[in-house]
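For the record, the sequence lines run as chains X and B. Using my numbering, the letters of the first sequence correspond one by one to residues 91 to 228. Using my numbering, the letters of the second sequence correspond one by one to residues 1150 to 1269. Ideal placement from N, C-alpha and C gives every residue a C-beta, glycine not left out. These figures come from a predicted structure and were not determined experimentally.
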Amino acid sequence: MSLSAAYVWIKALHVASVIVFVSGTFAQALFIVTSKLEVSAEAVRRFHRAERSLTIPALLVALATGATLATIGKWFSSPWLMIKLVLVVVLLAVHGYQSGLLRRMAAGKAVGVRPMQYVVLAVASAIALLAVGKPLFR
Amino acid sequence: MPRPPWRHEVREESNSSNAWSTLKTASVLEAATLAALVLVAVPLKHLGGFGLATSVMGPIHGVAFLFYLWALMQSATEGGWRAGEVVRMILVACIPLAGFLNQPWLNRKIRAARSGTARA
Chain X
91 MSLSAAYVWI
101 KALHVASVIV
111 FVSGTFAQAL
121 FIVTSKLEVS
131 AEAVRRFHRA
141 ERSLTIPALL
151 VALATGATLA
161 TIGKWFSSPW
171 LMIKLVLVVV
181 LLAVHGYQSG
191 LLRRMAAGKA
201 VGVRPMQYVV
211 LAVASAIALL
221 AVGKPLFR
Chain B
1150 MPRPPWRHEV
1160 REESNSSNAW
1170 STLKTASVLE
1180 AATLAALVLV
1190 AVPLKHLGGF
1200 GLATSVMGPI
1210 HGVAFLFYLW
1220 ALMQSATEGG
1230 WRAGEVVRMI
1240 LVACIPLAGF
1250 LNQPWLNRKI
1260 RAARSGTARA
C-alpha cells in the first residue's frame, strides 16, 4: 500500500475516533449538568465507566493517527494545524476536567458545575472547519 | 446472565485509584519522550545530519504531552488542586528532565490524595 493510500485510511480512522471522543465529551457535559444532585454515586460510577471505555481508546487512537497524518502530510509547519492543536488542548482539558468532576461526584464530593457543552460545541466545530478548510490557511 | 458480585467489587477498587496511576505513567512518559527529543534526537539532527530522528520523536512527544495534559486535568480536578500546582506541573513538562525531578513531589500528592488528606 502506498503512503498516499495509507493516508486516506489513517484519516478515516482519525475522523472515526474523533467522533467517538467528542460524542463522549458531550455525553459527559450533559450528564453532569442534568444529574448533579439527582443521581446516586453508583449511577455516576456506572456512567463514567461506560463513557471511559469508549472515549479513552478513542482519545489514544485520535492522538496517534493525528500525529501520523501530520507527519506524513508534512502539516506541522501549517498555521491551521497550530490553531487546531490549541483547540485540541482545550478539548482534552474539558474532557479531563469533566472526568475529574465525575470522579468527585462518584466519591460523593461536592462539585461546582459549569455547563461545558457549548464550549465543546464551539471547539469541535472550529476544529472541523480548520481541518476541512485547511487550503484557506496554507 | 447476572454479573458475579466479586467481579463488580474488583472493578470498583481498581477504578478508584487508576486516575493517579494514569497521571504518574503519563508524567514519566512525557518526561522520557521530552528527554529523548531534546537530548538525543535534536543533537542527532543538528550534529549528525540525521533529521529523521526529530521527525519521529517530535510527534511521539507531542502525543505524550497531550495525553499528560489530559491526565493532569483529570487528577487536578478530582483532587481539587490549586492553580499554582497545575501551573507547576505544566512548567516541569516543558523543561527537559524536570519531569523526573518532580516525581517525588508528585508521589507525595498522590499519597496525600489516596490517604484522603488532599483538599476536598
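If residue i and residue j are in contact, beta carbons under 8 Å, what's the gap, nearest whole angstrom?
i: B/L1221; j: B/V1235; result: 7 Å
i: X/V151; j: X/L103; result: 7 Å
i: B/A1180; j: B/G1248; result: 3 Å
i: B/S1224; j: X/G190; result: 7 Å
i: X/L234; j: X/V112; result: Here chain X covers residues 91 to 228 and nothing more, so residue 234 of chain X does not appear.
i: X/M195; j: X/A106; result: In fact, because the Cβ distance is near 29 Å, the residues do not count as touching under 8 Å.
i: B/W1169; j: B/R1257; result: Rounded, the Cβ-Cβ distance is 12 Å, inconsistent with contact.
i: X/A96; j: X/V210; result: Contact flag wrong, Cβ pair sits at about 30 Å.
i: X/K101; j: X/L159; result: 6 Å
Classify residue i as buried or exposed, calling it buried when 16 or more other Cβ atoms lie within 10 Å of its own Cβ.
i: B/L1172; result: buried
i: X/T109; result: According to the sequence as given, residue 109 of chain X is Ile; it is not Thr. By the 10 Å Cβ count, X/I109 comes out exposed.
i: X/T124; result: exposed
i: X/L149; result: buried
i: B/S1176; result: buried
i: X/S94; result: exposed
i: X/W99; result: exposed
i: X/V213; result: buried
i: B/I1244; result: exposed
i: B/L1255; result: buried
i: B/A1261; result: exposed
Check each candidate in the options and name the one with the smallest Cα separation from residue i.
i: X/L58; options: X/V123, X/V209, X/L220; result: Because chain X in this structure spans residues 91 to 228, residue 58 of chain X falls outside the shown range and cannot be described.
i: X/M206; options: X/A106, X/I122, X/V222, X/S167; result: X/I122
i: X/A183; options: B/G1200, B/L1186, B/W1169, B/L1215; result: B/L1215
i: B/E1227; options: X/A200, X/F137, X/A148; result: X/A200
i: X/P169; options: X/Y97, X/I217, X/S94, X/A119; result: X/I217
i: X/A157; options: X/F137, X/T145, X/K174; result: X/K174
i: B/I1239; options: B/G1198, B/A1262, B/L1218; result: B/L1218
i: B/L1183; options: B/F1199, B/T1203, B/H1195; result: B/T1203
i: X/S143; options: X/G114, X/L120, X/G198; result: X/G114
i: B/V1187; options: B/F1199, B/G1197, B/T1174, B/G1207; result: B/G1207
i: X/S92; options: X/F166, X/H185, X/I162, X/Q188; result: X/I162
i: B/N1167; options: X/L177, X/I146, X/R204, X/A154; result: X/I146
Measuring only between beta-carbons, confirm whether residue i sits less than 8 Å from chain D.
i: B/V1177; result: Absent here is chain D; the protein component of the structure consists of chains X and B.
At 3 residues or longer, and completely inside the region 1168–1215 of chain B: list those beta strand (DSSP E) runs for me, N to C. Listed in chain order, nothing qualifies, since the region 1168–1215 of chain B has no complete beta strand (DSSP E) run of 3 or more residues.
May I have a chain-ordered list of the alpha helix (DSSP H) segments no shorter than 4 residues that lie completely inside the region 144–214 of chain X? Segments of the alpha helix (DSSP H) lying fully in the region 144–214 of chain X: 169–196.
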